[in-house]
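Written below as structure tokens is the structure these notes are about.
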Amino acid sequence: MTKSITVTALIDTLIDITLLVFLTTTAIAIIKIRNLFVIIMLFGIFSLHSAGLFVVMDAADVAFTEAAVGAGISSVLMLATLALTKDHEEKKPSHHARIPLLVVLITGAALVYGTYDIPSFGDPLSPAQQHLKPRYIERSIEETGAPNVVTAVLASYRGYDTLGEVVVIFTAGVGVMLLIGGRLKSRRKEDKQ
Amino acid sequence: MKHNLILRVIVKYLFPVIALFAFYVLFHGEYGPGGGFQAGVIMGVAIIFYALVFGLETTEQVIPPQILRILASTGILIYAGTGVVTMLMGGNFLDYNMLSLNQVEGQHIGIIVIEVGVGITVSAVMLMIFYAFASKGRP
Amino acid sequence: MIDIIIGHYNYWVVILLMMAGFYTVISRGNLIKKIAGLNIFQTSVFILYISIGYIEEGTTPIIAEGFTRYSNPLPHALILTAIVVGVSTTALGLALIVRIKEAYGTIEEDEIHDQDMSL
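Residue numbers (our numbering), protein chains in the order written: chain F, 23 to 215; chain G, 5 to 143; chain R, 3 to 121.
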């Protein structure tokens, strides 16, 4: 099966491979390094590189959200936790982790065996591109008037799921307030006295 | 506090730009990448940036925590309220065709209203979580 | 054989990333490192889903003049919801870590286990 190789496709593949190499290096560094501050910074770098990978794979909305949420909010909250727990070094592991390594290798091998059935990366004839996608792309503007098909799907075709998502993030805020937020009234009473 | 001077000047210049960009992303969510979630997170991050440089007490005077709790609930009520309004007008829950005589115009109104609701809730919740973490460290 | 490798190497590297995150969760004892590993696992799963929706010589699913091939918008909507749910889980996990530190005085898993066993 020969594919015509154009210069833009070659540059796309090169950027793809470079970003994947950076991601793998960062993930392995997060396993090995024991200083927690360095781990949080590497996690922010991982998020930003995966946002770049999303842009290479033509997913602009997802890249936007991943960069804002992963490299923004998650890193800030982890740094705040680190400041509150005042713990800067992970303890040296006392025993060699053989059973987790075995479990991870078996799971990885099973997943790789499962990918032999997936169609090639970017195949136009794969089943994921056939049934529902042409209907949404052709009828999105005449039914909802929004050129951004992802927003039309999120807000109009699958609006009920987005309502559930907003309730989930509200519940997370309420949960954090219950766990560590309950000092407002006691502080106000102290100020008045 | 001399080493803070550059940060304080830059925050005063950058904060209106970031807030304006958040509103742009919110209202142009139909025509380009963006939408409610991204706009809420960007607005929350702008206020967190201000709080990191100027201190939490100053920020709490501008945006008290009680208002944040009201704002977070208001966003969800706007979203679910749109659904109830469409039900009262005779259609299904969250059926935007009922909101106006022209079907496409009803969809436009529905999408903008729920994206505003989502943006309000997400920014209020991000700021609420940050206040909870940051006020824990004070004696 | 070469065709299989060229068509699938993306999936294999993403599975390697998933396993790296999974290994961090189950084998390291520090709680903050476990949360970081969990987030790496989640982000790699998102990359796997988006790479299933990719089509070659296509573009972002925003309808414009002159483009006929678009990426599949349905995985994008699904992953957007998943990212927001992921950040909610991370925020709650970090709040729990702060409370555990107050209650036990440490955030290493085996020290917490020893304190529980000696009660």
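Note that CB positions come from ideal geometry on N, CA and C, so glycine has one too. Treat the numbers as computed from the prediction; the structure is a model and nothing was measured.
Distance from F:THR48 to F:ILE61 at the Cβ level is roughly 10 Å; contact not present, criterion being Cβ atoms closer than 8 Å. Contact between G:LEU131 and G:ILE67 holds, with the beta-carbon distance rounding to 7 Å and staying under 8 Å. Between F:THR87 and R:ILE85, the gap from beta carbon to beta carbon is short of 7 Å.
Closest option to R:GLY60, judged by alpha-carbon separation, among F:PRO146, F:GLU164, F:GLY167: F:PRO146.
About 7 Å separates the Cβ atoms of F:PHE65 and R:ASN41, confirming a contact at the 8 Å cut-off. Rounded to whole angstroms, F:ASP34 and G:GLY38 show a C-alpha spacing of 24 Å. Neighbours of F:THR40 in chain R, taken as residues at a C-beta separation under 7 Å, are lacking, since the least C-beta distance is about 12 Å.
DSSP places G:LEU98 in no alpha helix (DSSP H); its state is neither H nor E. DSSP places R:ILE49 in the helix class (H, G or I) of the three-state scheme. Per DSSP, G:LEU9 is one residue of the alpha helix (DSSP H) stretching across 9–31.
The Cβ atoms of R:GLN44 and R:GLY88 sit closer than 7 Å to each other. Just so you know, the alpha carbons of F:LEU70 and R:SER120 end up roughly 44 Å apart. Per DSSP, the beta-bridge partners of R:GLU110 are R:ASN32.
Not a single C-beta of chain R is nearer than 7 Å to the C-beta of F:PHE86. No Cβ-Cβ contact shorter than 7 Å links F:ALA177 with G:ILE80. Taking a C-beta cut-off of 7 Å against chain R, the contacting residues of the region 39–63 of chain G are PHE41, listed in chain order. The beta carbon of G:TYR54 is closer than 7 Å to those of VAL15, PHE19, THR63 in its chain, skipping five residues each way along the sequence. Around R:SER53, the beta-carbon contacts reaching into chain F at under 7 Å are MET79, PHE143. Under a criterion of Cβ atoms nearer than 9 Å, no residue of chain F is adjacent to R:MET119; the nearest Cβ is some 16 Å distant.
Across the structure, R:GLN117 and R:TYR106 are spaced so that their CA atoms are roughly 8 Å apart. Comparing alpha carbon positions, the residue from F:VAL172, F:LEU185, F:GLY167 closest to F:ALA81 is F:VAL172. For R:THR108 and R:ILE102, the gap between their C-alpha atoms comes out near 8 Å. Of all residues in the region 88–104 of chain F, the ones placed with a Cβ closer than 8 Å to any Cβ belonging to chain G are ALA90, VAL91, GLY94, ILE95, VAL98, LEU99, ALA102, THR103, in chain order. Under the three-state reduction of DSSP, G:TYR135 is assigned to helix. Interface flag for G:VAL89 against chain F is unset, since no Cβ pair is found closer than 7 Å. A Cβ-Cβ separation of about 6 Å places R:PHE24 in contact with F:VAL126 under the 8 Å criterion.
Taken through DSSP and simplified to helix, strand or coil, G:ILE71 comes out as helix. For R:ILE114, the CB contacts under 6 Å within the same chain, skipping 5 residues up- and downstream, are TYR106 in chain order. Within the model, the alpha-carbon separation for F:LEU42 versus R:VAL15 is close to 7 Å. Closest option to R:ASN74, judged by alpha-carbon separation, among F:GLN152, F:ALA119, F:VAL196, F:LEU200: F:GLN152. Annotation for F:GLU112: ARG56, LEU58 place their beta carbon closer than 7 Å to its own, counting only its chain and skipping 5 residues before and after. DSSP, reduced to helix, strand and coil, places R:TYR72 within a strand of the structure shown. Taking each of G:GLY48, G:THR78, G:THR86 in turn and checking the Cα distance to F:TYR182, the smallest one comes out for G:THR86. Taking a Cβ-Cβ threshold of 9 Å, the residues of chain F close to G:LEU98 are SER178, GLY181, TYR182, LEU185, in chain order. Chain order gives the chain F residues near R:PHE24 as VAL126, THR129, where near means a beta carbon separation below 8 Å. Using a Cβ-Cβ cut-off of 7 Å, G:PHE19 does not count as an interface residue toward chain F, since no Cβ of chain F sits closer than that to its own.
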